[in-house]
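Novice: The numbering used here puts the sequence shown at residues 197 to 425.
The structure follows.
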Amino acid sequence: MKRRALLAAALSALAFAPLAPHALAQTRAAQPRVASAAVPQVTPLTGEARARAIASVNSALNAQAAVQGRFRQINPDGSAASGAFYMQRPGRLRFDYDPPAALLVVADGSTVAVVDEELRTTNRSPLRETPLYFVLKRDLDLNRDARVTSVYRQGGALLVSARDRQGQADGELTMRFSAGAAPQLQGWDVIDATGARTRVTLTNLQTPSRIDPQLFRLRRDQLPRSNRP
Numbered sequence: 197m198k199r200r201a202l203l204a205a206a207l208s209a210l211a212f213a214p215l216a217p218h219a220l221a222q223t224r225a226a227q228p229r230v231a232s233a234a235v236p237q238v239t240p241l242t243g244e245a246r247a248r249a250i251a252s253v254n255s256a257l258n259a260q261a262a263v264q265g266r267f268r269q270i271n272p273d274g275s276a277a278s279g280a281f282y283m284q285r286p287g288r289l290r291f292d293y294d295p296p297a298a299l300l301v302v303a304d305g306s307t308v309a310v311v312d313e314e315l316r317t318t319n320r321s322p323l324r325e326t327p328l329y330f331v332l333k334r335d336l337d338l339n340r341d342a343r344v345t346s347v348y349r350q351g352g353a354l355l356v357s358a359r360d361r362q363g364q365a366d367g368e369l370t371m372r373f374s375a376g377a378a379p380q381l382q383g384w385d386v387i388d389a390t391g392a393r394t395r396v397t398l399t400n401l402q403t404p405s406r407i408d409p410q411l412f413r414l415r416r417d418q419l420p421r422s423n424r425p
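Listed below in structure tokens is the structure:
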């Protein structure tokens, strides 16, 4: 995958940033043709079942403090990237991409920074303007904080799709949770303002008692030289 297309996908998945025209052309042109596969049955939830599902998701996210593991990102052109992630709610997350993708994403509680050493760029967005806001927000209430567009079960998973109620971020976020009385976040899909979809899946989840807070800060030596003060 082209370097700039991978960066655009990372921005899309983590910051709702619009794709640059050249990157959008690359991802659309490179969209692979794949054979159709059986899709698990979708069961929309309505009424009390919908309300209970949203309440369980709110409780699950608000109860979650520290979690770490691996992630896999499927980009709009069908290519993939992976790496390690660390999450400390509220507000903090870090994605370390495996080589050859020399990307680093850090949410420090107020800002999301995407660092690309090869392109010598650092893109920053307010956390409030990203889909991570709903994953990392303190005291999340999806009915209050977002516009929930659909709630459904598919293939044993619970999925909740939402848009920003206040319009500060474009696109739609679909969070995926394990089924059961205590749902666990398994990842999310982002459809950005252009209609491009990026999927992030979380695996090998661990719940440490504490994560080093330095992981959620960008050191000077982690910034491209052109971005260093």
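Glycine included, every Cβ here is placed at the ideal spot set by N, Cα and C.
#1: Taking its Cβ as the centre, do 16 or more other Cβ atoms sit within 10 Å of Ser-306, making it buried, or is it exposed?
#2: Do Phe-382 and Arg-372 have their C-beta atoms closer together than 9 Å?
#3: With contact counted as at least three CB pairs below 8 Å, one residue from each stretch, are the region 303 to 318 and the region 352 to 368 in contact?
#4: With a threshold of 6 Å on Cβ separation, who are the neighbours of Gln-350 within its own chain once the five nearest residues in sequence on each side are excluded?
#5: Contact defined as beta carbons within less than 8 Å: I believe Leu-332 pairs with Ile-250. What is the distance between those atoms, to the nearest angstrom?
#6: Report the partner residues of Asp-385 according to the DSSP bridge assignment.
#7: Taking the CB atoms as reference points, tell me whether Ala-303 and Leu-328 lie closer together than 9 Å.
#8: Is Arg-361 helix, strand or coil by DSSP?
#9: What are the boundary residues of the beta strand (DSSP E) that includes Arg-288?
#10: Quick one: Cα of Asn-258 to Cα of Leu-414, how far?
#11: When the distance is taken between beta carbons, is Pro-286 closer than 9 Å to Arg-340?
#12: Taking the alpha carbon of Pro-240 as the point to measure from, which residue in Thr-326, Arg-288, Ala-353, Ala-389 has its own alpha carbon closest?
#13: Is the region 400 to 415 touching the region 263 to 274 in the sense that three or more CB pairs, one from each, lie closer than 8 Å?
#14: Let me know the secondary structure DSSP gives Ile-407 once reduced to three states.
#15: Look at the alpha carbon of Thr-390 and the alpha carbon of Thr-326, and state the distance between them as a whole number of angstroms.
#16: As an exercise, report each continuous beta strand (DSSP E) stretch of at least 3 residues that is fully enclosed by the region 260 to 314, in chain order.
#17: So, at 6 Å on beta carbons, what are the nonlocal neighbours of Thr-397 in its own chain, with the 5 sequence-adjacent residues on each side left out?
Specialist: Looking at the coordinates:
#1: One-based indexing of the sequence shown puts residue 306 at position 110. Ser-306 comes out exposed.
#2: Taking the first residue of the sequence shown as 1, we reach residue 382 at position 186. Taking the first residue of the sequence shown as 1, we reach residue 372 at position 176. Rather than Phe, the amino acid found at residue 382 in this sequence is Gln. The answer is yes: Cβ separation under 9 Å.
#3: no
#4: If you number the sequence shown from 1, residue 350 lands on position 154. For Gln-350, where only same-chain residues beyond five positions count, the Cβ hits under 6 Å are Pro-236, Val-238.
#5: On the sequence shown, position 136 is the one that residue 332 refers to. On the sequence shown, position 54 is the one that residue 250 refers to. About 18 Å separates the two Cβ atoms, so there is no contact after all.
#6: Against the sequence shown, residue 385 aligns to sequence position 189. Thr-370, Arg-395, per the DSSP bridge assignment.
#7: Taking the first residue of the sequence shown as position 1, residue 303 is located at position 107. Taking the first residue of the sequence shown as position 1, residue 328 is located at position 132. For Ala-303 and Leu-328, yes; Cβs fall inside 9 Å.
#8: Residue numbering aside, residue 361 sits at position 165 when the sequence shown is read from its first letter. Of the three classes helix, strand and coil, the one that applies to Arg-361 here is coil, per DSSP.
#9: Counting from one through the sequence shown, the residue named residue 288 turns up at place 92. Unbroken beta strand (DSSP E) run through Arg-288: 288 to 293.
#10: Counted from its first residue, the sequence shown places residue 258 at position 62. Counted from its first residue, the sequence shown places residue 414 at position 218. Rounded to whole angstroms, Asn-258 to Leu-414 spans 26 Å at the Cα level.
#11: Within the sequence shown, residue 340 is the residue found at index 144, counting from 1. Within the sequence shown, residue 286 is the residue found at index 90, counting from 1. Their beta carbons are not under 9 Å apart, which means Arg-340 does not touch Pro-286 by this criterion.
#12: For this step, residue 240 is matched to residue 44 along the sequence shown. Checked all of Thr-326, Arg-288, Ala-353, Ala-389; the closest Cα to Pro-240 is Ala-353.
#13: yes
#14: Indexing the sequence shown from 1 puts residue 407 at position 211. DSSP places Ile-407 in coil when its eight states are reduced to three.
#15: Here residue 390 refers to the residue found at position 194 when the sequence shown is read from its first residue. Here residue 326 refers to the residue found at position 130 when the sequence shown is read from its first residue. Distance between the alpha carbons of Thr-390 and Thr-326 is about 15 Å.
#16: 262 to 270, 276 to 284, 288 to 293, 299 to 304, 307 to 312
#17: As a first step, residue 397 is located in the sequence shown; it is residue number 201 there, counting from the start. Within the same chain, Thr-397 has close Cβ partners Arg-268, Gly-383.
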